[in-house]
Each structure stands twice: as structure tokens, then as C-alpha cells.
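Participant: Each residue of the sequence shown is one higher than the one before, counting from 2 in the working numbering. Glycine is no exception: its CB is placed at the ideal position from the N, C-alpha and C atoms.
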Amino acid sequence: MTQEPRNMIFMTILSRLALWTGLILSQGQTLAAQPATETTQGASKPKKEKPIRWQPPADVGSSGRRTGNPPPTVQGGSRNGCVYEGDLPLTALIPSSYEGRVGVEAPVLQVYFPYSGEQQVRLTVQTYTGTELLEVYQGQFLLKDAMGFVGLPLPSQLALEKDLVYRWRFSVLCEGKIGDYVEGNFSLEPRELEPELVAELAEASALEKAEIYLEQGWWYDAITVLSGLRTDSQGTQLWAELLTVEGLMGFVLVQE
Numbered sequence: 002m003t004q005e006p007r008n009m010i011f012m013t014i015l016s017r018l019a020l021w022t023g024l025i026l027s028q029g030q031t032l033a034a035q036p037a038t039e040t041t042q043g044a045s046k047p048k049k050e051k052p053i054r055w056q057p058p059a060d061v062g063s064s065g066r067r068t069g070n071p072p073p074t075v076q077g078g079s080r081n082g083c084v085y086e087g088d089l090p091l092t093a094l095i096p097s098s099y100e101g102r103v104g105v106e107a108p109v110l111q112v113y114f115p116y117s118g119e120q121q122v123r124l125t126v127q128t129y130t131g132t133e134l135l136e137v138y139q140g141q142f143l144l145k146d147a148m149g150f151v152g153l154p155l156p157s158q159l160a161l162e163k164d165l166v167y168r169w170r171f172s173v174l175c176e177g178k179i180g181d182y183v184e185g186n187f188s189l190e191p192r193e194l195e196p197e198l199v200a201e202l203a204e205a206s207a208l209e210k211a212e213i214y215l216e217q218g219w220w221y222d223a224i225t226v227l228s229g230l231r232t233d234s235q236g237t238q239l240w241a242e243l244l245t246v247e248g249l250m251g252f253v254l255v256q257e
């Protein structure tokens, strides 16, 4: 074989090797680049996973009388002339040992009401002034077939002030007299809210607001929003967690 054909064969082999090497390197670079792309995309949308936990405030006073009279021994019996149903007592949905904090929502007092039929009730709000209690509101109204959870919004004209502690009492009137009652304390959030928190609340859904309220320690805000989310699976879970951690687990499964 002459020198020229040998050179041609050698050049052909080299060119094919170069082509194969280029293809292999190109594929390797493509495969190496794919995970980097996925990582970048994943980093742009991080999955938000944080446990939502009730964070009660540390700088508040005592709770109140959150449980009323024990149920009568006879189902559907009466107590002091009021017809009592079920085996759960009149109960204020308030923390077990400290006053509730109000953040940004208009206060709504939540109670479990075990009485059937028509019942006269009274709501009283007082505030502490030194060593005395000053009454700032009293209203009397009729509840009809209201057994279950009842929300009691405070009147809009009631001007609440920071740095004051308020005591509310919900009384059931039986034959014109107080037959049962519960009471609790609350105060307003004393701090000025950060602009970032205000902006976050403005864009938040009801469930997201409930999560923020739990983290901020705003009991009345959280319990009010969650009471309206008990048909939502996540809302139901947060509702159950909040009641359970404060010793109100007996009301978790109540549907009314």
C-alpha cells in the first residue's frame, strides 16, 4: 500500500474520532445542565412548609370564668328555669389561664350555648380603672333556638383603648334572674404593627389571616376567623389544634 492511501485512511479515522468525541461531550454538557435548570426553577418557587403553632402573648393577665354551671343530671332538664340540652356546659371560648389579645379584627366573643328555646341573655363589658371596674357596655337580647356556638360582636360604637384590660360577662337569664354565666378578659395589641405585617394581612386569605393571628398571639382574631372556616379541612385542623392546646378539646367535634 502506498503512503498516500495510508494517510487518507489515518485522516478518516481521526475525523471520525473527533466527531464521536464532540457528540459525547455535547450530550454530557446537556445532561449536566438539566439538573442545574431544575434546581434553579425549584429555587425560584420554594415550597412553604412551616408548622403553624399558637403563640400566646407573655405579657397578659388572667383568663376568667370560662365554664358555667355543670349540666343537669337529666338529659333535657332545666336549671333555674332554663331548658338545658346536651352534656356540655355553657362555655366561653377563651384561653385557659390568661386574657385573650385582640389584634386587628373587631372583637367577637365566642361562647358555647347549651340552652334551647327562647332565652334572654345579657352581655356586660367593664374595664379596670385602678381598683374599680367601670361598666362601659350592657346589652340584653333574646336568643332563639341558638344551641351551639354563638358569636357575640361588640357594638361598633364601643371605643376600646390600648393599655386597658376589659372584662366581659355573658349571662343567661332564667325567670328574670341570672341562672348561668361565663366571663373573660381581653386587651388590645399594644404594639404598632410593622408595615410588612399590615401589607401581608391586606393580601391574605381568611385561612392565611388565621395563621398570622395564631403566630401573633391574637386569640380573639384567630378564634373568630377559624369559627367561620370549620367547613374547610385546613381551617378545621387549626380550629381543633387551637381548642385542644387550651383544654377545650371537648368542643372540637361540635358542629353547630
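(1) Does residue 66 pass the burial test, meaning 16 or more other C-beta atoms within 10 Å, or should it be called exposed?
(2) With H, G and I counted as helix, E and B as strand and the rest as coil, what does DSSP make of residue 184?
(3) Whose CA, out of 141, 252, 240 and 126, lies closest to the CA of residue 54?
(4) Quick one: give me the first and last residue of the alpha helix (DSSP H) that residue 199 is part of.
(5) Assess, as a yes-or-no matter, whether the region 102–114 is touched by the region 153–166 under the definition of 3 or more beta carbon pairs within less than 8 Å.
(6) Can residue 82 and residue 185 be called in contact, C-beta distance under 8 Å?
(7) Indicate the three-state DSSP secondary structure (helix, strand or coil) for residue 166 in the structure shown.
(8) Mind pulling the alpha helix (DSSP H) runs of 4 or more residues that sit fully within the region 112–183?
(9) On a CA-only basis, which of 244, 254 and 255 is nearest residue 96? Give me that one, please.
(10) On the DSSP bridge assignment, give the partners of residue 85 in chain order.
(11) Going by DSSP, what residue range makes up the beta strand (DSSP E) through residue 226?
(12) Any contact between the region 207–221 and the region 133–151? By contact I mean 3 or more CB pairs, one from each, below 8 Å.
(13) Any idea which residues DSSP pairs residue 93 with across the strands?
(14) Evaluate the contact criterion for the region 158–178 versus the region 121–135: three or more CB pairs, one atom per stretch, below 8 Å.
(15) Quick one: what does DSSP say residue 68 is sitting in, helix, strand or coil?
(16) Measuring alpha carbon to alpha carbon, tell me which of 86, 248, 206 and 249 ends up nearest residue 230.
(17) Look at residue 86 and residue 117 and say whether their C-beta atoms are less than 8 Å apart.
(18) Can residue 91 be considered in contact with the ligand FAD, in the sense that its beta carbon sits closer than 7 Å to one or more heavy atoms?
(19) Is the separation between the beta-carbon of residue 89 and that of residue 72 shorter than 8 Å?
(20) Looking at the unbroken alpha helix (DSSP H) that takes in residue 246, where does it start and where does it end?
Facilitator: Reading from the atomic positions:
(1) exposed
(2) strand
(3) 240
(4) 196–204
(5) yes
(6) no
(7) strand
(8) none
(9) 244
(10) 116
(11) First-last for residue 226: 220–228, but that is the alpha helix (DSSP H), not the beta strand (DSSP E).
(12) no
(13) 112
(14) yes
(15) strand
(16) 206
(17) yes
(18) This structure lacks the ligand FAD; in fact it carries no ligand of any kind.
(19) yes
(20) 234–246
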